[in-house]
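Worksheet: the structure to be examined is printed underneath.
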Amino acid sequence: MKIGLAQINSLIGDFSGNVERMSRMVDEARKKGCQIVIFPELSVVGYPPRDFLDRPAFFEASCQVLPAIEHMSHDIAIIFGLITRNDRSMGKPYRNTAIFMHRGEIIAKAHKRLLPFYDVFDEERYFEPGDETPVVAWQGFNFALTICEDIWNREGILPRKFYPVDPVEELKGKARKLSAIVNIAASPYFVGKIEQVIVPLLSRVARELNTPVIYVNQVGGNDELIFQGHSMVVTPAGEVVCRGASFKEDLVLFDLNSMSGEVRQDYSSSVDQLIDALCLGIRDYVKKCGFPGVVMGLSGGIDSAVTAALATLSLGADRVWGIAMPGPYSSPESFEDAKELSERLGIRFHLVPIVEMFNSTCGALSDLFKGLSPDVTEENIQARLRGLVLMAISNKFGLLLLSTGNKSELAVGYCTLYGDMNGGLAVIGDVPKTLVYKIAERLNERYDRIPRRIIEKPPSAELRPNQRDQDTLPPYDILDDILELYISENMSFEEIVKRGFDRDVVEQVIRMVIKNEYKRRQAPPVLKVTTKAFGSGRRMPIAHGYKEV
Numbered sequence: 001m002k003i004g005l006a007q008i009n010s011l012i013g014d015f016s017g018n019v020e021r022m023s024r025m026v027d028e029a030r031k032k033g034c035q036i037v038i039f040p041e042l043s044v045v046g047y048p049p050r051d052f053l054d055r056p057a058f059f060e061a062s063c064q065v066l067p068a069i070e071h072m073s074h075d076i077a078i079i080f081g082l083i084t085r086n087d088r089s090m091g092k093p094y095r096n097t098a099i100f101m102h103r104g105e106i107i108a109k110a111h112k113r114l115l116p117f118y119d120v121f122d123e124e125r126y127f128e129p130g131d132e133t134p135v136v137a138w139q140g141f142n143f144a145l146t147i148c149e150d151i152w153n154r155e156g157i158l159p160r161k162f163y164p165v166d167p168v169e170e171l172k173g174k175a176r177k178l179s180a181i182v183n184i185a186a187s188p189y190f191v192g193k194i195e196q197v198i199v200p201l202l203s204r205v206a207r208e209l210n211t212p213v214i215y216v217n218q219v220g221g222n223d224e225l226i227f228q229g230h231s232m233v234v235t236p237a238g239e240v241v242c243r244g245a246s247f248k249e250d251l252v253l254f255d256l257n258s259m260s261g262e263v264r265q266d267y268s269s270s271v272d273q274l275i276d277a278l279c280l281g282i283r284d285y286v287k288k289c290g291f292p293g294v295v296m297g298l299s300g301g302i303d304s305a306v307t308a309a310l311a312t313l314s315l316g317a318d319r320v321w322g323i324a325m326p327g328p329y330s331s332p333e334s335f336e337d338a339k340e341l342s343e344r345l346g347i348r349f350h351l352v353p354i355v356e357m358f359n360s361t362c363g364a365l366s367d368l369f370k371g372l373s374p375d376v377t378e379e380n381i382q383a384r385l386r387g388l389v390l391m392a393i394s395n396k397f398g399l400l401l402l403s404t405g406n407k408s409e410l411a412v413g414y415c416t417l418y419g420d421m422n423g424g425l426a427v428i429g430d431v432p433k434t435l436v437y438k439i440a441e442r443l444n445e446r447y448d449r450i451p452r453r454i455i456e457k458p459p460s461a462e463l464r465p466n467q468r469d470q471d472t473l474p475p476y477d478i479l480d481d482i483l484e485l486y487i488s489e490n491m492s493f494e495e496i497v498k499r500g501f502d503r504d505v506v507e508q509v510i511r512m513v514i515k516n517e518y519k520r521r522q523a524p525p526v527l528k529v530t531t532k533a534f535g536s537g538r539r540m541p542i543a544h545g546y547k548e549v
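Mapping of the sequence shown onto the working numbering: position 113 corresponds to residue 113, and the numbering continues sequentially without gaps.
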C-alpha cells in the first residue's frame with residue numbers, strides 16, 4: 001500500500017485556499033499511485049485558530065468546504081484534520097478531529113484526546129477531548145488514528161505525565177494487530193526539536209507498539225509560530241525510512257508493504273536549519289499579512305545586519321529597505337558599514353540623519369530639564385526618534401517594520417520602548433546574541449554579504465560617547481548561559497550560582513529580566529525558535545511581590 005505524507009502550509013481561516021492546497025497534493029498522490037494521502041492536524045482550518053473558535057460563523061464557514069473534500073476522495077482515501085461540533089449537552093463546543101474519508105464517506109473519526117495547555121498551547125480552552133483512539137480496518141490494514149499530543153504522554157518526553165489517560169498504552173490492548181499508527185500534527189519548531197524530541201518520541205512509540213508510526217506535520221509560519229514539516233515514518237526498529245522536506249510544502253511516498261519510502265535531504269548544520277526557519281517565518285508573516293515588503297533600521301551593527309540578510313534571503317532584495325539614521329554619537333564607520341551591507345545585499349538604502357531632530361527635541365525640553373544632567377533620557381530620545389522615522393516610512397509606504405533586537409537584549413531590557421522596539425515582527429527576538437554571531441558567520445560562508453567589520457567590532461548602541469554593550473551588561477557568552485538556565489530551564493538563583501557563575505552577575509541578570517517584563521509585554525511578535533520564547537509561551541505578571549534575589 002502506497003501512502004502519501006502531504007505537509008501543507010495552511011493559512012488560518014482560508015478554508016477554500018487550504019482545500020485547494022489539499023487538492024493539488026491529492027492529484028499528485030493519485031498520479032503516483034497512492035491509496036491514501038494524509039494531511040496535518042487541522043489542515044482545513046490552519047493551526048492555531050485560537051479565539052476564532054469563539055465565533056460560531058468561523059466554524060460554520062469551515063464546514064462549507066467538506067463537499068469539495070468528499071469529491072476529492074472518490075478514488076483515494078484522505079486523512080485530514082478539521083473542527084467538528086461536540087454534540088453532547090456539556091463541555092466545550094468543538095473537537096479537534098481527524099477524519100478518514102473514502103469515496104465521499106467518513107470511514108472513521110478520531111477526536112484529539114490529549115489537549116496541550118503549556119507553553120504556546122491552549123487547546124483546553126477551546127476543545128472537548130475525545131474518549132477513545134479508533135483503529136480503522138481498511139483494505140486489509142489496521143490504522144490507529146491519533147492527533148499530535150495523543151502520543152506525547154511518555155515519561156522523559158514531557159516534564160512529567162500530564163494526562164490521566166495514555167492512548168498509546170490503551171492501543172497495546174487492542175485485539176487487532178496494528179499495521180501503523182497515523183499521527184497528524186501541528187508541532188511548532190524550535191532548534192533541535194526534530195533530533196532531540198520528535199525522532200526519539202516516534203521511535204519509542206513505534207517500539208512500544210511494534211508498529212510503524214506515520215507522522216505528518218504542518219509546515220509554514222503562523223504569527224510567531226514556525227512549523228517545520230519534516231514529516232516522517234519511523235519503523236518499529238526506530239529507523240526513519242521516509243522523510244519530508246523542512247520548511248516547505250512537500251509530498252513524500254511511503255510503501256507500507258516494503259516498509260520503505262522517499263527520504264529528503266536533512267541538515268548537517270543546526271544553524272542552517274535555524275536560518276531556513278527564520279526565513280520561512282519572515283516570508284509567511286509578510287505574505288499572510290499582505291505586506292508588499294519590509295523596512296528596518298540599519299545601524300551598522302550585527303543585529304540589523306543579520307535581520308537585513310535574512311529578510312533579503314526570504315523576500316528578495318527588491319522588497320527590503322534599509323534606513324540609516326546617524327545621531328550625535330554615531331561613528332562614520334557605522335554609516336559606512338550600513339551602506340556597504342546594503343550594497344552587498346542589493347537592497348534599497350536611504351539616509352535620514354536625526355541630529356537636527358535630536359537637538360530640536362532637546363531644545364523643546366530644555367526649560368523642563370534645566371539644571372539636570374543628560375542621562376538615559378537623552379539616549380532614549382535618540383532611539384525614539386529613529387523609531388518615529390521608521391514608523392513614518394512604514395505608514396507612508398505600507399511596509400512591515402522589522403524590529404532588529406535579539407533575545408539577550410529583550411530579556412534584560414537593553415532596548416527602548418517606542419524606539420528600537422518599534423515594529424510588526426521581531427525577527428531575531430528569540431535568538432541569543434551569541435547565536436546571532438553564529439548566524440552571521442554561516443551566512444557569510446554561504447553568501448559573503450555581511451562586512452567583516454560588522455562582525456568583529458564590539459557591539460554598541462552608540463547613544464552616548466564611546467558606548468559599549470559591555471559597559472552595562474556581562475559578556476554575552478556569560479549572559480546567554482545565565483538567561484538559558486533562568487528562562488528556558490527555570491532554574492533558581494542558587495541553582496545557577498552553583499553552576500559556577502558569579503553571584504553578583506547572576507543577581508544583576510535576574511533583576512534585569514524581572515524588571516523589564518513590562519517592556520516585553522509591548523514588544524512586537526517574536527518568531528519562536530527556542531524552547532521558551534518571549535510571547536504567548538511565557539506569561540509572567542508585571543506587578544508582583546515575589547522576591548528571588
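Every residue gets a Cβ at the ideal spot worked out from N, C-alpha and C, and that includes glycine.
Please name the residue in the options whose C-alpha comes closest to that of residue i.
| i | options | result |
| --- | --- | --- |
| I36 | E489, M72 and V526 | M72 |
| V234 | E208, N86, F247 and D481 | E208 |
| L390 | I323, I482, L483 and A77 | I323 |
| R103 | P93, I69 and F80 | I69 |
| R464 | D75, P167, I226 and Y329 | Y329 |
| G4 | P159, H230, A57 and V252 | V252 |
| M540 | K438, V497 and K515 | K515 |
| R348 | E356, L372 and L399 | L399 |
| A277 | D14, I439 and D504 | I439 |
| A309 | V436, I496 and Q139 | V436 |
| G424 | K370, G290 and D471 | G290 |
| E484 | P474, I496, P475 and R442 | I496 |
| R88 | A110, P129 and L66 | P129 |
| E124 | T133, E132, D131 and L114 | L114 |
| M1 | K92, Y94 and F143 | F143 |
| I184 | W152, H74, E195 and K193 | W152 |
| D27 | A411, I78, A57 and D14 | I78 |
Could you tell me the boundaries of the beta strand (DSSP E) in which residue i lies?
| i | result |
| --- | --- |
| F80 | A77 to R85 |
| F254 | D250 to D255 |
| L145 | F141 to I147 |
| T97 | Y94 to H102 |
| M232 | M232 to V234 |
| L5 | K2 to Q7 |
| A324 | V320 to A324 |
Assign residue i to one of three DSSP states: helix, strand, or coil.
| i | result |
| --- | --- |
| R243 | strand |
| F501 | coil |
| D119 | coil |
| D166 | coil |
| N406 | coil |
| G301 | coil |
| V509 | helix |
| R154 | coil |
| Y215 | strand |
| K515 | helix |
| K528 | coil |
| Q382 | helix |
| N183 | strand |
| G46 | coil |
| E105 | strand |
| G535 | strand |
In the DSSP assignment, find the unbroken alpha helix (DSSP H) run with residue i in it and report its ends.
| i | result |
| --- | --- |
| R160 | Where R160 is concerned, there is no enclosing alpha helix (DSSP H), given that its DSSP letter is neither H nor E. |
| G363 | V355 to A364 |
| A338 | P332 to L345 |
| H71 | L66 to M72 |
| G238 | Segment: none, G238 is in no alpha helix (DSSP H) and carries neither H nor E. |
| G281 | S270 to C289 |
| R204 | V199 to L209 |
| L483 | Y476 to L483 |
| A440 | K433 to R446 |
| V136 | V136 -> not in any alpha helix (DSSP H); beta strand (DSSP E) instead, spanning V135 to W138. |
| I454 | R452 to E456 |
Could you round the C-beta distance between residue i and residue j to whole angstroms and report it? I think they count as a contact, below 8 Å.
| i | j | result |
| --- | --- | --- |
| I83 | V45 | 6 Å |
| P167 | D150 | 5 Å |
| P49 | I12 | 6 Å |
| L551 | A311 | In the structure as shown, the chain begins at 1 and stops at 549. Residue 551 is therefore absent and cannot be evaluated. |
| D420 | R386 | 7 Å |
- Query: Contact between the segment 271–291 and the segment 215–234: three or more CB pairs below 8 Å?
  - Reply: yes
- Looking at C-beta atoms only, is the number of pairs between the segment 413–432 and the segment 523–532 that lie closer than 8 Å three or more? yes
- Message: If contact is defined by three or more beta carbon pairs under 8 Å, each pair taking one atom from either stretch, is the segment 298–305 in contact with the segment 331–339?
- Response: yes
- Message: Across the segment 500–517 and the segment 189–207, are there enough close Cβ pairs to call them in contact, namely three or more that are closer than 8 Å?
- Response: no
- Task: Report yes or no: do the segment 13–22 and the segment 291–300 share at least 3 C-beta pairs separated by less than 8 Å?
- Result: no
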